[in-house]
Amino acid sequence: MSAVEQMKSVPVNRLPMPTYRFLKVNEAELPLPEGAVTCKDPLAGIDLPEGLRVTAGTFAGMEEALREIPTGMGEEADRIFAQAGCPASVLSVQAGVQAAEPVILPVTATVGVSSLAAVTVRAEEDAALEIVIDLTCDAAGCAAARSFFGMSLRILAGDRARVKLVVIRRFGAPMSDLIDLGIRCGEDAAVEYSALSLGVRGGSKAGAGSFQGVLATLAGDRSSFIDHTGYYAGGHGLLDMNIIADHRGRDTRSDMIFRGVLDDHAKKIWRGTLDFKSGAAGSAGNEQEDTLMLSPGVHNSSVPLILCGEEDVDGRHGATIGQLSDEILFYMSSRGYTAEEARRLIVQARLKSVAREIPDAKLRWEVEQWIEREIA
Amino acid sequence: MALLEVNGLSAAVDGQPILQGIDLTIEEGSTHVLMGPNGAGKSTLGFALMGNPRYEITGGSIRFGGEEITELSADKRAKAGMFLSFQNPVEVPGVSLSNFIRNAEHMQTGQPVKLFGFQKQMKSAMELLSMDETYADRDLNVGFSGGEKKKAEILQMLMLKPRLAILDETDSGLDVDAVRTVSQGVRAFQQEGHGALLIITHSTRILEALHVDTVHILVKGRIVETGDAALIEEINARGFERFTQEA
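As they're listed, the protein sequences go chains A and B. Sequential numbering from 114 applies to the first sequence in this note's numbering. Sequential numbering from 873 applies to the second sequence in this note's numbering.
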């Protein structure tokens, strides 16, 4: 066990271009775990398909090419993992290898214990890999005390590599957690990311909640990034997101769809940035938000940002944010649905549309069952 | 036997009276047509019969299958066997067309819907309506063209097999081919003997290939004439002028 430097919180999820301070969206304050921290290594001792290998290492000693991949939450998040002395094993896919099976990494947070885990993926030229990270808490943890959990992820996709990453967050208890992802794509590389954040319930403690950051650096020409995120936040849960597509190569593509539900007194801050750097000519990016607000007590802040350092680019943003309309409710009731059944179907369908991205049938079924059981 | 009995029904929207003393009886398995000029209150009658809470019933009663339903919510009317095909079907993001119908079937019957049989029936109904099978997995009505939305309504009618289907301007905004296709679906519903129909329309295109038992003319919130299918031809030839003048 290690202790993280005795600070109460650190700034994370910085907006690439700050806006008015009074809006309080330029960054988030991540509450740090108090006391000892346990490090987990999700890659330790796992069975791997042919052509894949794991190289043990530490977060602090990470090789430069990986360490230099910026993440959505920023350097402060990295410091937490480095100070805690966590391992950061590297999962590598050899050039030209198309992994036959998805790699499933179950990670369990433990009751009353602060824990951190880091995974780094390196897909060499022409390689292909699907990886699923299933974050849960143990039975006692789901029913009892507040815990802290942190996950750091990095993906280095070589030229023409294909990587699909699915992260399922299904903590049933009020947790404070961070999920921080950095991606770097070579020429013609494609990374697809699906995130399913379930059960963000938080509590009355100010600042607790789920903090998530993604930064995809589309460095290589014609590289692409897809983000398909689904979330449900209820209770007094806080969901703070910072998603950035950093277009650097020519003819790069990003397509980001965020579909979620806010209930009770949940609060969500979403920052979505399409950053077209000089040299990204011919690139296109799209970010779409669809937020269903089920209660007048919820708070939603959306900060779409399109930065253009290049003329020949196409950046789009669209948002649908609102309550379940009387029109939809009557339409569904005319087919036999009660208002409660209509609401449940719509909420669960949004989350299941992201669950469909899970490449493993058994886990997909489990997650769908979890949604039906826990999110009614 | 009377399936639907409407007696002296009056309804208002936002305090504005629209329907005034409607009397209407529809027998099991029969096809009724409700025609009238724009603004006559045709859609209001459809919504009032289906129980849209926006439409206030200010007088009269509705009985369905021998039961008083005037105060029942729309979901209970649907469970009793009523169906409304919307003039402007709403989009339901996140819920696929097939999932929506399968769940609706479960809601209405209370019985589990077996997947294999459901898919087979769905495929056959989509073929009849010339619908691309991929629509089954698409979010309900999201990004559908006007024609596909109307087909999706008729698809739901064929799958849910109501005792009474109210079709509100199903032919509006459709081209000739789409009207023909939708009409095929309605004819299949008639031929399979699932239930009765109340077809609300202000044109006669959708009726060309259908057997019609009774025609009602609605003007200014009142039924001003009831007759057989010959009324359709009269309206085709001379429009609603005679009825609007009399009203």
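We put the beta carbon where it would ideally sit given N, CA and C, even for glycine. The structure displayed is predicted, hence computed values, not measured ones.
### Task
For residue 978 (chain B), name the three-state secondary structure that DSSP assigns.
Here residue 978 (chain B) sits in helix by DSSP.
### Query
Counting contacts by CB-CB distance shorter than 7 Å, is residue 918 (chain B) in contact with chain A?
Not an interface residue.
### Query
Taking only beta-carbon atoms, is residue 447 (chain A) less than 7 Å away from chain B?
For residue 447 (chain A), the answer is yes, since a Cβ of chain B falls inside 7 Å of its Cβ.
#### Entry: Buried or exposed (CB count within 10 angstroms, at least 16 for buried), residue 123 (chain A)
Residue 123 (chain A) counts as buried, since at least 16 other C-beta atoms from the protein chains shown sit within 10 angstroms of its C-beta.
### Task
Flag residue 947 (chain B) as yes if its beta-carbon sits less than 7 Å from any beta-carbon of chain A, otherwise no.
Answer yes: the Cβ-Cβ gap between residue 947 (chain B) and chain A drops below 7 Å somewhere.
### Task
With DSSP collapsed to three states, give me the class of residue 288 (chain A).
It is a strand residue.
### Query
Residue range of the alpha helix (DSSP H) that residue 1108 (chain B) falls in?
Following the DSSP letters along the chain, one finds residue 1108 (chain B) inside the alpha helix (DSSP H) bounded by residues 1102-1110.
### Query
Where does the unbroken beta strand (DSSP E) through residue 246 (chain A) begin, and where does it stop?
It spans 241-250 - the beta strand (DSSP E) in which residue 246 (chain A) sits, taken as one unbroken run.
### Message
My assumption, with CB atoms under 8 Å, is that residue 290 (chain A) sits in contact with residue 266 (chain A). Please give the rounded CB distance.
### Response
In fact, because the Cβ distance is near 13 Å, the residues do not count as touching under 8 Å.
### Task
Give, in chain order, every residue of the stretch 415-446 of chain A whose Cβ lies closer than 8 Å to some Cβ of chain B.
Residues 433, 438, 439, 440, 441, 443, 444, 445 and 446.
### Query
Would you say residue 998 (chain B) faces chain A, with C-beta separation under 7 Å as the test?
Not one chain A Cβ lies under 7 Å of residue 998 (chain B).
### Query
Residues of chain B with a CB under 9 Å from the CB of residue 403 (chain A): which are they?
965 and 966, listed in chain order.
### Query
Can you pull the DSSP bridge partners for residue 827 (chain B)?
Nothing about residue 827 (chain B) can be read from this structure; chain B reaches only from 873 to 1119.
### Query
Any beta-carbon of chain A closer than 7 Å to the one on residue 979 (chain B)?
Yes - at least one Cβ of chain A is within 7 Å of the one on residue 979 (chain B).
### Query
Hey, quick one: how far does the beta strand (DSSP E) through residue 450 (chain A) stretch, first residue to last?
Where residue 450 (chain A) is concerned, there is no enclosing beta strand (DSSP E), given that its DSSP letter is neither H nor E.
#### Entry: Residue-level contact to chain B via CB, residue 319 (chain A), 7 Å cutoff
Interpretation of residue 319 (chain A) is limited by its pLDDT of 48, a score under 50 that renders its predicted location unreliable; the figure taken from the coordinates is listed afterwards. So, not an interface residue.
### residue 156 (chain A) to residue 465 (chain A) span [Cα, whole Å]
Roughly 27 Å between the two C-alpha positions.
### Query
Would you say residue 463 (chain A) faces chain B, with C-beta separation under 7 Å as the test?
With respect to chain B, the C-beta atom of residue 463 (chain A) has a partner C-beta closer than 7 Å.
### Task
Kindly indicate if chain A contains any beta-carbon less than 7 Å away from that of residue 956 (chain B).
Yes, contact with chain A.
### Query
To the nearest angstrom, how far is it from the Cα of residue 857 (chain B) to the Cα of residue 1087 (chain B)?
This structure gives no information on residue 857 (chain B), because the portion of chain B shown stretches from 873 to 1119.
### Task
Whole angstroms is fine: what's the gap from residue 328 (chain A)'s alpha carbon to residue 386 (chain A)'s?
So the two alpha carbons sit approximately 9 Å from each other.
### Task
Using the DSSP secondary-structure output, state which residues sit across from residue 214 (chain A) in a beta bridge.
Looking at the DSSP assignment, residue 214 (chain A) forms no beta bridge with any residue, so it has no partner.
### Query
Taking all protein chains shown into account, do 16 or more other C-beta atoms lie within 10 angstroms of the C-beta of residue 325 (chain A), making it buried, or fewer, making it exposed?
It is buried - the Cβ of residue 325 (chain A) has at least 16 other Cβ atoms within 10 Å.
### Message
Given this structure, state the Cα-to-Cα distance separating residue 480 (chain A) from residue 1096 (chain B), to the nearest angstrom.
### Response
If you take the alpha carbons of residue 480 (chain A) and residue 1096 (chain B), they lie about 58 Å apart.
### Query
Measuring CA to CA, which of A:461, A:251, A:270 and A:295 is closest to residue 235 (chain A)?
Nearest in C-alpha terms to residue 235 (chain A), of all of A:461, A:251, A:270 and A:295, is A:270.
### Query
Name the DSSP bridge partner or partners of residue 413 (chain A)?
As computed with DSSP, residue 413 (chain A) is found in a beta bridge with A:381.
### Query
Start and end of the alpha helix (DSSP H) containing residue 1051 (chain B)?
Per DSSP, residue 1051 (chain B) belongs to the alpha helix (DSSP H) from 1048-1063.
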